[in-house]
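K.L.:
Chains as they are written, first to last, in my numbering: chain G, 10 to 145; chain R, 10 to 145.
Protein chains: 2
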Amino acid sequence: MTGTEQTRAVVRLYFETMSEREWDDFGALVTEDVVYEMPQTGERITGREKYLAFNREYPGDWRLTVTRLIADGATAAASMNFTVGDEELVGLVYFELRGELIARITDFWPEPYVPPAGREHLVELGVTGLDRLSLP
Amino acid sequence: MTGTEQTRAVVRLYFETMSEREWDDFGALVTEDVVYEMPQTGERITGREKYLAFNREYPGDWRLTVTRLIADGATAAASMNFTVGDEELVGLVYFELRGELIARITDFWPEPYVPPAGREHLVELGVTGLDRLSLP
Numbered sequence: 010m011t012g013t014e015q016t017r018a019v020v021r022l023y024f025e026t027m028s029e030r031e032w033d034d035f036g037a038l039v040t041e042d043v044v045y046e047m048p049q050t051g052e053r054i055t056g057r058e059k060y061l062a063f064n065r066e067y068p069g070d071w072r073l074t075v076t077r078l079i080a081d082g083a084t085a086a087a088s089m090n091f092t093v094g095d096e097e098l099v100g101l102v103y104f105e106l107r108g109e110l111i112a113r114i115t116d117f118w119p120e121p122y123v124p125p126a127g128r129e130h131l132v133e134l135g136v137t138g139l140d141r142l143s144l145p
Numbered sequence: 010m011t012g013t014e015q016t017r018a019v020v021r022l023y024f025e026t027m028s029e030r031e032w033d034d035f036g037a038l039v040t041e042d043v044v045y046e047m048p049q050t051g052e053r054i055t056g057r058e059k060y061l062a063f064n065r066e067y068p069g070d071w072r073l074t075v076t077r078l079i080a081d082g083a084t085a086a087a088s089m090n091f092t093v094g095d096e097e098l099v100g101l102v103y104f105e106l107r108g109e110l111i112a113r114i115t116d117f118w119p120e121p122y123v124p125p126a127g128r129e130h131l132v133e134l135g136v137t138g139l140d141r142l143s144l145p
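Here it is, written out as structure tokens:
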């Protein structure tokens, strides 16, 4: 069983090496048979080699800032601000570790939408971006 | 500082009482000044009374199943399958506790989208729903 502090350290390193494009160090953090899933598109990538290629080849001069890192035994959840050019995205990522390595990654990229009618009496509007997503 | 196991218990109870529409017990889990944010719509609800009204009034015969609960000190991340009629959604929720109560909730509802071109050589397609979201 992987401990919480070890998980936290590995996930922190995952984002650091990704940010720095240190792909060899990045690849050393995931299992040979790592599974990466994007449930919103139904895409899955299996194996360290393909997952590394996916990251190396990811287009654009993107930058990321980690905004949350919640670790619990062999699992973790993180959120990030991700910018590429003028586009700003929020990425929500879940991790599962096996031993000292990341064995499963699940990524979500929620997008803005128009609030449904009927709750105007309860909500304040216009606070998008105030998720403190830029203030970790 | 709230401990991990206490956080886990409170968040578990949050979803249980929500599922059962036990609104008094549900309301007792959040602070008087609880803040609930939906960054995708820019909506924010402030205060226990309004947040309770929002939940009580939420339309449709919805059902939820918690698929992840990751607790870490006074913070937690959870994911759920949420169905209302024929519609199936995934909800991703972050919690911050103050003492024994939930003081801040941030909700994301990622939606399906078409995979961008250029990574067909790396991905398997058609795995939507295999996030094991129905297998906690």
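Positions of the beta carbon are idealized from the N, C-alpha and C atoms, including for glycine.
Hey, is the segment 62-76 of chain G in contact with the segment 53-62 of chain R, meaning 3+ C-beta pairs nearer than 8 Å?
P.N.:
Flag = no, the segment 62-76 of chain G and the segment 53-62 of chain R do not touch.
K.L.:
Using beta carbons (cut-off 8 Å, strictly below), is residue 49 (chain R) in contact with chain G?
P.N.:
By one-based count along the second sequence, residue 49 (chain R) stands at place 40. It does: the Cβ of residue 49 (chain R) has a partner Cβ on chain G nearer than 8 Å.
K.L.:
I'd like to confirm the pairing. Which residues does DSSP put opposite residue 53 (chain R) in its beta bridges?
P.N.:
For this step, residue 53 (chain R) is matched to residue 44 along the second sequence. Answer is G:133 and R:46.
K.L.:
Please list the partners that residue 122 (chain G) has in chain R, where partner means a Cβ-to-Cβ separation under 7 Å.
P.N.:
On the first sequence, position 113 is the one that residue 122 (chain G) refers to. Correct list: 49 and 50.
K.L.:
Between the alpha carbons of residue 93 (chain G) and residue 103 (chain G), how many angstroms are there, rounded?
P.N.:
Here the question's residue 93 (chain G) lines up with position 84 in the first sequence. Here the question's residue 103 (chain G) lines up with position 94 in the first sequence. Computed Cα separation, rounded: 21 Å.
K.L.:
For residue 84 (chain R), go through chain G and note every residue whose CB falls closer than 8 Å to its CB, in chain order.
P.N.:
For the purposes of this step, residue 84 (chain R) is taken as residue 75 along the second sequence, with counting starting at 1. Neighbours of residue 84 (chain R) on chain G, chain order: 77 and 79.
K.L.:
Scan the segment 50-123 of chain G and note each continuous alpha helix (DSSP H) run of 4 residues or more that stays entirely inside, going in chain order.
P.N.:
The qualifying runs are 57-66.
K.L.:
By the criterion of Cβ-Cβ separation under 8 Å, what are the contact partners of residue 72 (chain G) in chain R?
P.N.:
By one-based count along the first sequence, residue 72 (chain G) stands at place 63. Per Cβ cutoff of 8 Å: no residues; residue 72 (chain G) is ~19 Å from chain R at best.
K.L.:
For residue 24 (chain G), would you say it is in contact with chain R, using Cβ-to-Cβ distances shorter than 8 Å as the test?
P.N.:
Residue mapping note: residue 24 (chain G) aligns to position 15 of the first sequence, counting from 1. Not one chain R Cβ lies under 8 Å of residue 24 (chain G).
K.L.:
Residues in the segment 88-122 of chain R with C-beta within 8 Å of chain G's C-beta atoms, listed in sequence order?
P.N.:
Answer in chain order: 88, 99, 101, 103, 115, 117, 118, 119, 120, 121 and 122.
K.L.:
Can you tell me the Cα-Cα spacing of residue 88 (chain G) and residue 112 (chain G), whole angstroms?
P.N.:
Taking the first residue of the first sequence as 1, we reach residue 88 (chain G) at position 79. Taking the first residue of the first sequence as 1, we reach residue 112 (chain G) at position 103. Cα to Cα, residue 88 (chain G) sits roughly 18 Å from residue 112 (chain G).
K.L.:
Any Cβ of chain G within less than 8 Å of the Cβ of residue 35 (chain R)?
P.N.:
Looking up residue 35 (chain R) in the second sequence gives position 26. With 8 Å as the cut-off, residue 35 (chain R) does not count as an interface residue toward chain G.
K.L.:
Thinking residue 39 (chain G) and residue 57 (chain G) are a contact (beta carbons under 8 Å), I'd like their distance in whole angstroms, please.
P.N.:
Indexing the first sequence from 1 puts residue 39 (chain G) at position 30. Indexing the first sequence from 1 puts residue 57 (chain G) at position 48. Yes, residue 39 (chain G) and residue 57 (chain G) are in contact; Cβ-Cβ is about 6 Å, under 8 Å.
K.L.:
Listing by chain order, which chain G residues have their CB less than 8 Å from the CB of residue 133 (chain R)?
P.N.:
Within the second sequence, the letter at position 124 stands for residue 133 (chain R). What residue 133 (chain R) touches in chain G: 52, 53, 54 and 55.
K.L.:
Between which two residues does the alpha helix (DSSP H) harbouring residue 29 (chain G) extend?
P.N.:
Taking the first sequence and counting its residues from 1, one reaches residue 29 (chain G) at position 20. Where residue 29 (chain G) is concerned, there is no enclosing alpha helix (DSSP H), given that its DSSP letter is neither H nor E.
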